[in-house]
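> This is the structure I have questions about; it appears just below.
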Amino acid sequence: METYRLPTDILKNKDDLALHIFNQDFLMNPSLSRYKDKYIQDTVYTLRFLSTSLEVGEPLIFVNYMEWFGSLAQHLKFNMDSMERYFRVCESVFQEIFDHPLSDSTIKTFKKGIEAYRKSFFSTDLAKIDYDQFLNHLISMHSDLAYQHILNLVNQGMSLKDIYLNVLQPTLYKVGELWQRRIITVAKEHYITAAVQHIIGRLYSILFSNREHNQKTVTAVCAGDELHEIGMRMVADFFELSGWDSIFLGSNIPIEVIINHLIENPTQLFAISATTSSHLIEVRDLIKATKTNPKLKDIKIIVGGHVFNETPDLWKSLGADGFAMDAEQAVILGTLLVGEANA
Ligand code: B12
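FYI, in our numbering the residues of the sequence shown are 15 to 357.
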């Protein structure tokens, strides 16, 4: 194989690289042929996280991913001996094909990741999941009862902000945990997500009545083909509730299209969301394209989402103006940044 010099080379060649790793492992273990497709798919996924981590210079991105992978592998009952052999094969392939400095940094990051994987694979102290009534309705697929539950909370005087941040968000986090522990299936995870989105939609008539408007606008997108969009949606809704105009563009939009949109539709604040680290390069490129466009130089950019919550200071290395952990903090931050900019 040719020599790789840059982390982007890993991303560009991830399919060939994953096949090469498989072939090396297969030479020692012919029984692996049964799992070839899944093996290659998982390796490509891991290489994406590794190259992103190296490219943005943040080892924690790969370490967090491997910690998550180790926990998932525990629930999937992976064989740790095979994984140890797999890690050795990966390391020797990295030694073989990467140019010297890239090989050093890759192996250093990879080793930290292996440590995190081992630790979570063998971990026995799993946090207890609290199955409250709302979660139980969703798990048993009673979306009508789940909606009724939320309506009762509204009627008892709970604010929509509290419903978002203290009921829906923690429930979705629990759902992620249940999927990761293999307690619920992907199908059920999808069902619950759709049910929660439906509930949010039904709350809009309450959400958007009696709100005040001011002159500020926030434009929101999810980076690249990021499918996780409920968090960004909530952030946009919180801005609406605080009197801003929010324009949520969703995901899967090419950078040039977003830039043209921002030029044609002036906005004071640009909010970008990413959940998994495989979308960080798109976040970085989008920030760069906005900041270097003379017509957009006054726009303030904020970022957020699962991967930013897990990696402090990541927002700085990607060039954003700020980061917030949740929707409430996002509005405080946005108001501060835009207020400062307009002062
Ligand atoms: C719902 C869900 C999905 C849905 C998404 C549907 C949709 N339309 O949004 C579907 C089923 C499609 C999905 C798919 C996948 N998912 Co998923 N998913 C989730 C889940 C359960 C909930 C996400 C969510 O809505 N959370 C609630 C919102 C409100 O919280 P939030 O996103 O953190 O947002 C808040 C803050 O972060 C912040 N914020 C968010 N964006 C922004 C932006 C700005 C500018 C600011 C300032 C703040 C901010 O404010 C928000 C509101 O307070 C999470 C679990 C979790 N812990 O989040 C897993 C999770 C994110 N998914 C995961 C995975 C692995 C996947 C899949 C790869 C496999 C799978 N499970 O099917 C695919 C990948 C899809 C892809 N290509 O991107 C993992 C990610 C692990 C990792 N380390 O990367 C998680 C953590 C589950 C887990 N525990 O393993 N998923």
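Built from N, CA and C at the ideal position, the CB exists for glycine as well. In this text the structure is predicted, and so the values were computed from the model without any measurement.
Does the distance between the C-beta of Ile143 and the nearest non-hydrogen atom of ligand 1 fall short of 7 Å?
Here the question's residue 143 lines up with position 129 in the sequence shown. Every heavy atom of ligand 1 is 7 Å or more from the Cβ of Ile143, so no.
> Hey, Leu152 and Ala209: beta-carbon distance below 8 Å or not?
Numbered from 1 along the sequence shown, position 138 holds the residue referred to as residue 152. Numbered from 1 along the sequence shown, position 195 holds the residue referred to as residue 209. In contact: Leu152 and Ala209 (Cβ atoms closer than 8 Å).
> Under the rule that 16 or more other beta-carbon atoms within 10 Å means buried, what is Asn78, buried or exposed?
By one-based count along the sequence shown, residue 78 stands at place 64. Buried: at least 16 other Cβ atoms inside 10 Å.
> According to DSSP, what are the bridge partners of Ile214?
Locating residue 214 in the sequence shown gives position 200, counting from the first residue. Paired residues: none, contrary to the question.
> Where does Asp118 land, buried or exposed, given buried means 16+ other C-beta within 10 angstroms?
On the sequence shown, position 104 is the one that residue 118 refers to. Classification of Asp118: exposed, given that the 10 Å Cβ count is below 16.
> Helix, strand or coil for Thr325, going by three-state DSSP, please let me know.
On the sequence shown, position 311 is the one that residue 325 refers to. Residue state, collapsed to three classes: coil.
> Please state whether DSSP places Ile197 in a helix, a strand or coil.
In the sequence shown, the residue the question calls residue 197 occupies position 183. Coil, per DSSP.
> Would you check if there are 3 or more beta carbon pairs closer than 8 Å linking the region 234-245 to the region 260-280?
yes
> Give me the residue from Ile301, Glu98 and Gln170 with the minimum Cα distance to Ser287.
Sequence index remark: in the sequence shown, residue 287 carries index 273 (1-based). Checked all of Ile301, Glu98 and Gln170; the closest Cα to Ser287 is Ile301.
> Tell me whether Gly353 is buried or exposed, calling it buried when 16 or more other Cβ atoms sit within 10 Å of its Cβ.
Within the sequence shown, residue 353 is the residue found at index 339, counting from 1. It is exposed - the Cβ of Gly353 has fewer than 16 other Cβ atoms within 10 Å.
> Could you check the C-alpha separation between Ser134 and Leu332 for me, to the nearest Å?
By 1-based counting over the sequence shown, the position of residue 134 is 120. By 1-based counting over the sequence shown, the position of residue 332 is 318. In a straight line, the C-alpha of Ser134 is about 28 Å away from that of Leu332.
> Answer yes or no: do Asp39 and Leu33 have a C-beta to C-beta separation smaller than 8 Å?
Position 25 of the sequence shown, counted from the first residue, corresponds to residue 39. Position 19 of the sequence shown, counted from the first residue, corresponds to residue 33. Cβ atoms of Asp39 and Leu33: not closer than 8 Å.
> What residue does the beta strand (DSSP E) around Val235 start on, and which one ends it?
Indexing the sequence shown from 1 puts residue 235 at position 221. For Val235, the uninterrupted beta strand (DSSP E) segment begins and ends at Thr231 to Cys236.
> Is the beta carbon of Ser256 less than 8 Å from the beta carbon of Val345?
For the purposes of this step, residue 256 is identified with residue 242 of the sequence shown, where counting begins at 1. For the purposes of this step, residue 345 is identified with residue 331 of the sequence shown, where counting begins at 1. Yes, the Cβ-Cβ distance between Ser256 and Val345 is below 8 Å.
> Kindly examine ligand 1 and report whether one of its heavy atoms sits closer than 7 Å to the Cβ of Tyr187.
As a position in the sequence shown, residue 187 is number 173, starting the count at 1. Under cutoff, so the answer is yes.
> Thinking Ala160 and Met80 are a contact (beta carbons under 8 Å), I'd like their distance in whole angstroms, please.
Within the sequence shown, the letter at position 146 stands for residue 160. Within the sequence shown, the letter at position 66 stands for residue 80. Contact doesn't hold; Cβ gap of about 35 Å is too wide.
> Output the distance between the C-alpha atoms of Phe108 and Ala87, rounded to the nearest integer angstrom.
One-based indexing of the sequence shown puts residue 108 at position 94. One-based indexing of the sequence shown puts residue 87 at position 73. The straight-line gap from Cα to Cα measures roughly 23 Å.
> In the DSSP assignment, find the alpha helix (DSSP H) that holds Asp259 and state where it starts and stops.
Taking the sequence shown and counting its residues from 1, the one referred to as residue 259 is at position 245. For Asp259, there is no enclosing alpha helix (DSSP H); the residue is found in the beta strand (DSSP E) stretching over Asp259 to Phe262.
> Is any heavy atom in ligand 1 found nearer than 7 Å to the beta carbon of Asn180?
Within the sequence shown, numbered from 1, the residue matching residue 180 stands at position 166. Checking the Cβ of Asn180 against ligand 1 gives no.
> Once the 5 residues before and after Tyr100 are set aside, which same chain residues still bring their CB inside 7 Å of it?
Taking the first residue of the sequence shown as position 1, residue 100 is located at position 86. Asp39.
> I'd like to confirm the pairing. Which residues does DSSP put opposite Gly318 in its beta bridges?
Indexing the sequence shown from 1 puts residue 318 at position 304. For Gly318, which the question treats as bridged, DSSP gives the partners Ser287.
> So is the beta-carbon of Trp193 under 7 Å away from any non-hydrogen atom of ligand 1?
Translated into the one-based positions of the sequence shown, residue 193 becomes position 179. Checking the Cβ of Trp193 against ligand 1 gives yes.
> Check whether the Cβ atoms of Thr325 and Phe284 lie closer than 8 Å to each other.
The residue labelled residue 325 in the question sits at position 311 within the sequence shown. The residue labelled residue 284 in the question sits at position 270 within the sequence shown. No. Outside cutoff.
> Count the other CB atoms within 10 Å of the CB of Ile197; is the residue buried (16 or more) or exposed (fewer)?
Walking along the sequence shown from the start, residue 197 turns up at place 183. Label assigned to Ile197: exposed.
> Closer than 7 Å to a non-hydrogen atom of ligand 1 - does that hold for the CB of Ile220?
Within the sequence shown, the letter at position 206 stands for residue 220. For ligand 1, not one heavy atom lies less than 7 Å from the Cβ of Ile220.
> With a cut-off of 8 Å on the beta carbons, I'd call Thr66 and Phe36 a contact; round off their distance for me.
Walking along the sequence shown from the start, residue 66 turns up at place 52. Walking along the sequence shown from the start, residue 36 turns up at place 22. Thr66 to Phe36, Cβ: 21 Å. No contact.
> Kindly examine ligand 1 and report whether one of its heavy atoms sits closer than 7 Å to the Cβ of Asp51.
Against the sequence shown, residue 51 aligns to sequence position 37. No - ligand 1 has no heavy atom lying nearer than 7 Å to the Cβ of Asp51.
> Do Glu72 and Thr22 have their C-beta atoms closer together than 8 Å?
On the sequence shown, residue 72 is found 58 positions in, with the first residue counted as 1. On the sequence shown, residue 22 is found 8 positions in, with the first residue counted as 1. It is not a contact, given that the beta carbons lie outside the stated cut-off.
> Closest to Ile128 by CA distance: which of Asp139, Gly336, Ile75 and His89 is it?
In the sequence shown, the residue the question calls residue 128 occupies position 114. Of Asp139, Gly336, Ile75 and His89, the residue nearest in Cα terms is Ile75.
> With burial defined as no fewer than 16 other Cβ atoms inside 10 Å of the residue's Cβ, what is the status of Ala357: buried or exposed?
In the sequence shown, the residue the question calls residue 357 occupies position 343. Its pLDDT being 48, under 50, Ala357 is placed unreliably by the model, and the measurement read from it follows with that caveat. That one is exposed.
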